[in-house]
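Working notes for the structure below.
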Amino acid sequence: MRYSVIVPVYNEEEVIQTTVSRLKQVMNQLNDSYELIFVNDGSRDQTLSILKEYCQGDSTVKIIDFARNFGHQIAITAGMDAAQGDAVIVMDADLQDPPELIFSMIEKWKEGYEVVYAKRTKRKGETFFKKYTASLFYRTLRALTDIDIPMDTGDFRLIDRKVCDQMAQLHEKNRFVRGLVSWVGFRQTAVEYERDERLVGESKYPLKKMLKLSLDGITSFSYKPLKLASYAGVLLSLGGFLYMLYVIYLKLFTNSTILGWSSVIVIQLLFSGIVLLIMGIMGEYIGRIYDETKARPLYIVRKTYKREEMTQKAKF
Ligand code: UDP
Ligand code: MG
Numbered sequence: 000m001r002y003s004v005i006v007p008v009y010n011e012e013e014v015i016q017t018t019v020s021r022l023k024q025v026m027n028q029l030n031d032s033y034e035l036i037f038v039n040d041g042s043r044d045q046t047l048s049i050l051k052e053y054c055q056g057d058s059t060v061k062i063i064d065f066a067r068n069f070g071h072q073i074a075i076t077a078g079m080d081a082a083q084g085d086a087v088i089v090m091d092a093d094l095q096d097p098p099e100l101i102f103s104m105i106e107k108w109k110e111g112y113e114v115v116y117a118k119r120t121k122r123k124g125e126t127f128f129k130k131y132t133a134s135l136f137y138r139t140l141r142a143l144t145d146i147d148i149p150m151d152t153g154d155f156r157l158i159d160r161k162v163c164d165q166m167a168q169l170h171e172k173n174r175f176v177r178g179l180v181s182w183v184g185f186r187q188t189a190v191e192y193e194r195d196e197r198l199v200g201e202s203k204y205p206l207k208k209m210l211k212l213s214l215d216g217i218t219s220f221s222y223k224p225l226k227l228a229s230y231a232g233v234l235l236s237l238g239g240f241l242y243m244l245y246v247i248y249l250k251l252f253t254n255s256t257i258l259g260w261s262s263v264i265v266i267q268l269l270f271s272g273i274v275l276l277i278m279g280i281m282g283e284y285i286g287r288i289y290d291e292t293k294a295r296p297l298y299i300v301r302k303t304y305k306r307e308e309m310t311q312k313a314k315f
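Just so it is clear: in the sequence shown, position 98 is 97 by numbering that gives the first Met the number 0, and no numbers are missing.
Spelled out as structure tokens, the structure:
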């Protein structure tokens, strides 16, 4: 097998047909063997049955059907585990990642690059909020981590077999795949593109999932937030100490006493806030440590589909 394309799908019934046909158009022009692996991440609509129809008539289409919604990053991981190609491409189902870009990715791959990621120069049709928070996130991540995680790239990328095999060694539960790909290293390069609008339907990444993804990204690749406690501690005690000197000075050398009920309350609230925030940050890490110790499998597959199996079954 030469190429594997992994497409995670979650409630994409409106767009999936267009995606399959555009993707097949691209892949057929390559004149090489390929497989399309659709990971159905617990869709509750017709996505699976549409895909099953393709699967019956087309041996390049394979489906991994999850037992429930495990999330985008896990779906990509399952695809990587199953992929057999020499080059593995990960792509969104909503055609925000134009399949035609695969040509230039493969060109770079043939030049010898082992990871070719797609860098967004523009993001069309996305809300100001999404663009702003995404940009803020990538910049924060960059400031916090030592690994070179490229800015403004999603999971749309091509990885070489070697990289894919290495990815299978990384078992962590709360995955930030694009960070892991950077972490394994190898020769990496970018191709640029303008990110299109989602063809139809709406984003399957509500704010909650976005927050989870960004926290996973930060906590998996940096423990600087944990150091916040020590920094804040030093700063606040220093402030407290200086203030104490000032209070003693007033008491000893002047007649004024400080009236300060409101300031006490304000400082009390502020400091409890900071303490709780830091405890929350620790909680994020501890929760993830707990997830790791449970050692549950990353995902549960209800069934996989490919044509050979179906024809075999039909004989019985
Ligand atoms: N997706 C998934 N599981 C989820 C959420 C999303 O497999 O829980 C898939 C979705 O079908 C799409 C891709 O991940 O193929 C990216 O999702 P989406 O386009 O909604 O994200 P956005 O582009 O808005 O960030
Ligand atoms: Mg999208």
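Backbone N, C-alpha and C fix where the C-beta goes; we use that ideal spot for every residue, glycine too.
Note that this is a predicted model, so its numbers are computed, not measured.
Pairwise C-alpha distance: residue j and residue i
i    : j    : result
N173 : D215 : 6 Å
K314 : E307 : Reliability of the predicted coordinates at K314 is poor, the pLDDT of 47 falling under 50, and the value obtained from them is presented with this limitation in mind. For K314 and E307, the distance between alpha carbons rounds to 11 Å.
G239 : K223 : 24 Å
K305 : A77  : 15 Å
H71  : V190 : 22 Å
H170 : A294 : 9 Å
V6   : T126 : 24 Å
R138 : P205 : 21 Å
A133 : S3   : 28 Å
I217 : D290 : 16 Å
L251 : Y245 : 10 Å
Y53  : R197 : 22 Å
G84  : I36  : 11 Å
R301 : R67  : 8 Å
K61  : L269 : 55 Å
S213 : M26  : 32 Å
M281 : I101 : 41 Å
V114 : Q187 : 5 Å
Secondary structure of residue i, DSSP reduced to three states
i    : result
K123 : coil
A313 : In this prediction, A313 has a pLDDT of 49, which is less than 50 and means its spatial position is unreliable; nothing more can be read from the coordinates.
L35  : strand
K305 : coil
T152 : strand
Q55  : helix
L297 : coil
E99  : coil
L169 : coil
V60  : strand
T188 : strand
Residues near residue i by beta carbon distance below 7 Å, same chain, minus five either side
i    : result
Q165 : V183
K226 : none
K203 : Y9, N10
Proximity test, residue i beta-carbon vs the ligand UDP heavy atom, cut-off 6 Å
i    : result
D93  : yes
V8   : yes
A117 : no
N173 : no
S20  : no
T123 : Looking at the sequence itself, residue 123 is Lys, so the reference to Thr does not match. Answer for K123: no, Cβ out of range of the ligand UDP.
E11  : yes
Residue i beta carbon near the ligand MG (any heavy atom closer than 6 Å)
i    : result
R197 : yes
Beta-carbon proximity list for residue i, same chain, < 8 Å, skipping 5 on both sides
i    : result
K121 : E193, R194
G200 : N10, E11, E13, V14, D93
G124 : D195, E196, R197
Exposure of residue i, with buried meaning 16 or more beta-carbon neighbours within 10 Å
i    : result
A58  : Correcting the residue identity first, residue 58 is Ser in this sequence and not Ala. It is exposed - the Cβ of S58 has fewer than 16 other Cβ atoms within 10 Å.
Q95  : buried
N10  : buried
W108 : buried
G272 : exposed
A82  : buried
D91  : buried
D154 : buried
S335 : Residue 335 is absent from the structure shown; the chain starts at 0 and stops at 315.
M278 : exposed
F128 : exposed
S261 : exposed
Beta-carbon proximity list for residue i, same chain, < 6 Å, skipping 5 on both sides
i   : result
V38 : P7, I63, A74, A77, G78
Q24 : none
S32 : M0, R1
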